[in-house]
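Please read the structure below before turning to the comments.
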Amino acid sequence: MCGIAGFCNFAGDAKANIEKMKERMYHRGPDAGGSYFSENGQVVLGHRRLSIVDLSEAGSQPMTSKSGRYVIAYNGEIYNYKKLAERLLSEGKGTAFRGTSDTEVLLEAFEAYGVEETIRECKGMFAIALYDKQENSLTLLRDRIGEKPLYYGMVSGSFVFASDIGSISVLDGFQNPVDTRVLDLYFVHGYIPAPYSIYQNIYKLEPGTILKIKSPFNKWEMKKYWSVMEVARRGQDDPFKGTRQEAADELERLLKDAIAGQMVADVPVGAFLSAGIDSSTVVALMQSLHQGKVKSFTIGMKEEGYNEAVYAKEIAQHLGTEHTELYISELDAQGVIPKLGEMFGEPFADSSQIPTYLVSKMTREHVTVSLSGDAGDELFCGYTSYTSVERIWNKMKGFPYFVRKPCSELVLHSPLKRNEIYKVKGKLLGARGPADLYICSNETEPLARRISRYHEEIPYKHSEYPEGFLKETNHNIMLMDMLMYHPDDILVKVDRTAMAVSLETRVPMLDKDVVEFAFRLPIEYEREGKTGKLVLRDVLYRYVPKELMERPKKGFAIPIHKWLRESSLRKWAEDLIEPGLLRRQGFLDADMVWQIWNDYINGGIWRIQIWYILMFQQWLCGQKEER
54 MCGIAGFCNF AGDAKANIEK MKERMYHRGP DAGGSYFSEN GQVVLGHRRL
104 SIVDLSEAGS QPMTSKSGRY VIAYNGEIYN YKKLAERLLS EGKGTAFRGT
154 SDTEVLLEAF EAYGVEETIR ECKGMFAIAL YDKQENSLTL LRDRIGEKPL
204 YYGMVSGSFV FASDIGSISV LDGFQNPVDT RVLDLYFVHG YIPAPYSIYQ
254 NIYKLEPGTI LKIKSPFNKW EMKKYWSVME VARRGQDDPF KGTRQEAADE
304 LERLLKDAIA GQMVADVPVG AFLSAGIDSS TVVALMQSLH QGKVKSFTIG
354 MKEEGYNEAV YAKEIAQHLG TEHTELYISE LDAQGVIPKL GEMFGEPFAD
404 SSQIPTYLVS KMTREHVTVS LSGDAGDELF CGYTSYTSVE RIWNKMKGFP
454 YFVRKPCSEL VLHSPLKRNE IYKVKGKLLG ARGPADLYIC SNETEPLARR
504 ISRYHEEIPY KHSEYPEGFL KETNHNIMLM DMLMYHPDDI LVKVDRTAMA
554 VSLETRVPML DKDVVEFAFR LPIEYEREGK TGKLVLRDVL YRYVPKELME
604 RPKKGFAIPI HKWLRESSLR KWAEDLIEPG LLRRQGFLDA DMVWQIWNDY
654 INGGIWRIQI WYILMFQQWL CGQKEER
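In the working numbering, the protein residues as written are 54 to 680.
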């Protein structure tokens, strides 16, 4: 687990600037750092190392292949690298390796089989920069789902890339302005969806994508090597035909295989345990595979309605893990907030980022690697919102779109829209299909698109999703979340908060085989009424009694809406949104921001966009300080 950075045809001081880039992401790899400068002076690679596998110098990067043709800077883990190494040796395409790192195996496989064939064989999480001296080309690759970040783009005429967008912003000559086109999207979702970033001409490499750029390094080509959309379509065309019991058997086998591979490390390994179905399943299977006691970690809160630590402790006791818990206070949470702008490098406003950082910080005191239960909701139909969308669509679908659309316009342009309920119903009524309905259900707050002073419709994954791509309503919605919400919110949150304290996180449910199997499952194996994740529950209940798990889901949230009114956070917030400041900055509508804030302070109307605004302002104000 590391951080990578680099540039091509950089006009300034290459050595000084690659050092600045590496320093900006020191937290991603505090154990070592290296640089590579091509002989022709055109390509520079930088690397910060968090040593996980092969702690010796033999695992240091950037690393050059034995032939000398390829140089790699790589962030991530290839879980099946030993099998890949065995293939290389058995086919006579490799000799004895210098060390035991997956990096060396990757390099030799690239040379033996080519980039695309190799990456298709790899199971893992990764962001890779590969320089080919022979072609004088640079190839960037990102893992299938988007666990590891990779930004790229142009700065002052030079091609640049980095794991951390902040590492790009510190370059000499960086003057890329804020991309105002993304602001409406940000204030709707609380994050900026790929391929966009907060800056013009800087992008996120999308999951499952290969980017290749050749000298003179001013134009790149893209190619998909894996697509979750195609996986979902194939899965629905070839559904699992066994019983639900057989589905649970297969899922258990696949998860065990994934977890066994992800428990391999030359440093201590543990797991987050939140008392939910997903993390409990991962920890249960880890413990079943581990001879000793698995180290499990959770945080609790004293706030009523937000604490699941007591349940996590019960599960840990039942499984026999070595459990560590930390109860956090309002002051603990507040102490994290000043760090968030720099931590994420661009506006990001999922408030569970705060407890995620705190549990990562506590976990890092005991282990260097932690497994998580992320993706259970998106892959096995866990969110309650899925039920709501399906219920609403079942009521609507009996009326043709050409009837519903005029009715929607009538409601939205009548006095009825003054009523919040009718306003929401009017918007939902105009949905073309279940996927569009899901989009509408996430965009029912009209004020969200009035916060920014700039309004421009730009395409993004949800807006481009073809209606009726999959036959079943819930499968469409789950796929939409796997395209955007999961990689651009959940995985970003976990990566940035964990790497801020130099903790590697691994997500077994995002194993390629698990994901592909999940999309083959019939919906009746995943949801019945309001209960989701049926087949995942079937696996868990083989290890944990059902009565320990049947509780209302609290999620991983904090009462930020309460704290902003009752604590010193209020002054912090009001300083960030002072009208004069907003007008000088020129990005947000000061009157609209203060309307939202006054509705909250005086009327008790909490809109999640309040946190979105504050996180944007904190990031924006921090830019001047950082520079």
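All C-beta atoms, glycine included, are put in the ideal place defined by N, C-alpha and C.
Remember, it's a predicted structure, so these values are computed and weren't measured experimentally.
When rounded, the separation of the alpha-carbon atoms in ILE654 and GLY394 is 24 angstroms.
Assigned with DSSP and collapsed to three states, GLY219 falls in helix. ALA337 and LEU372 do touch by the CB rule: their CB atoms are close to 6 angstroms apart, below 8 angstroms.
LEU574 and ARG197 have their C-alpha atoms some 20 angstroms from each other. The beta carbon of LYS458 sits closer than 7 angstroms to the beta carbons of GLY483 from its chain, once the five residues preceding and following it are set aside; these are given in chain order.
Note that the C-beta distance between SER211 and ASN93 is not below 8 angstroms.
TRP659 sits in coil when the DSSP states are folded into three classes, being neither helix nor strand. Across the set HIS539, ILE661, GLU581, TRP616, the C-alpha of HIS539 shows the shortest separation from the C-alpha of PRO260. Note that the segment 222-236 touches the segment 499-509; at least 3 beta-carbon pairs, one per stretch, sit closer than 8 angstroms. In the pairwise beta carbon analysis, the segment 240-253 is classified as touching the segment 488-504: at least three pairs are separated by under 8 angstroms. When secondary structure is reduced to three states using DSSP, VAL547 falls in the helix class. The segment 409-427 makes contact with the segment 314-325, as at least three CB pairs between them are under 8 angstroms.
Between the beta-carbon of ILE221 and that of VAL208 there is about 7 angstroms, and that keeps the pair under the 8 angstroms contact cut.
Between GLU161 and GLY147, the beta carbon gap of about 5 angstroms places them in contact (Cβ cut-off 8 angstroms). Counting the other Cβ atoms within 10 Å of the Cβ of LEU589 gives 16 or more, which makes it buried. In the structure shown, TRP273 adopts extended strand secondary structure according to DSSP, grouped into three states. In this structure ASN447 is exposed. Its beta-carbon is surrounded by fewer than 16 other beta-carbon atoms within 10 angstroms.
Linking TYR249 to GLY639 through their CA atoms gives a straight-line distance of about 21 angstroms. Assignment of beta-bridge partners to ALA165 by DSSP yields no partner. Inside the segment 271-328, DSSP marks whole alpha helix (DSSP H) runs of 4 or more residues at positions 281-290, 297-315, from first to last along the chain. For GLU443, there is no enclosing beta strand (DSSP E); the residue is part of the alpha helix (DSSP H) that begins and ends at 437-449.
Setting aside the 5 residues that flank it on each side, ARG173 is surrounded in the same chain by TYR278, TRP279, each with a C-beta closer than 8 angstroms to its C-beta; the list follows chain order.
Straight-line spacing of the CA atoms in ALA553 and ASP566 works out to 29 angstroms. Counting only residues of its own chain and dropping the five nearest sequence neighbours on each side, GLY206 has a CB closer than 6 angstroms to the CB of ASN254, ILE255, TYR256. Each residue's CA atom was taken as its position, placing ILE390 and GLU399 some 14 angstroms apart. Around the Cβ of GLU418, a 10 Å sphere holds fewer than 16 other Cβ atoms; the residue is exposed.
Of the other Cβ atoms in all chains shown, fewer than 16 fall within 10 Å of the Cβ of ILE474; this residue is therefore exposed.
Looking at the DSSP output, ASP185 bridges to TYR123, SER190. Counting only runs that start and end inside the segment 328-377, the alpha helix (DSSP H) elements of at least 4 residues fall at 330-342, 362-372. Contact between the segment 537-551 and the segment 460-467 is absent, with fewer than three C-beta pairs closer than 8 angstroms. Distances from the CA of GLY314 to each of LEU481, LEU342, PHE293 were compared; the closest alpha carbon is that of LEU342. When only Cα atoms are considered, GLU378 and TYR364 end up about 11 angstroms apart.
Beta-bridge pairing by DSSP links LYS257 to TYR204. Distance between MET645 and GLY479, taken at the CA atoms: about 23 angstroms. In this structure, DSSP gives CYS460 a helical state, which the three-state scheme calls helix. By the 16-neighbour rule on beta-carbons within 10 angstroms, LEU384 is exposed.
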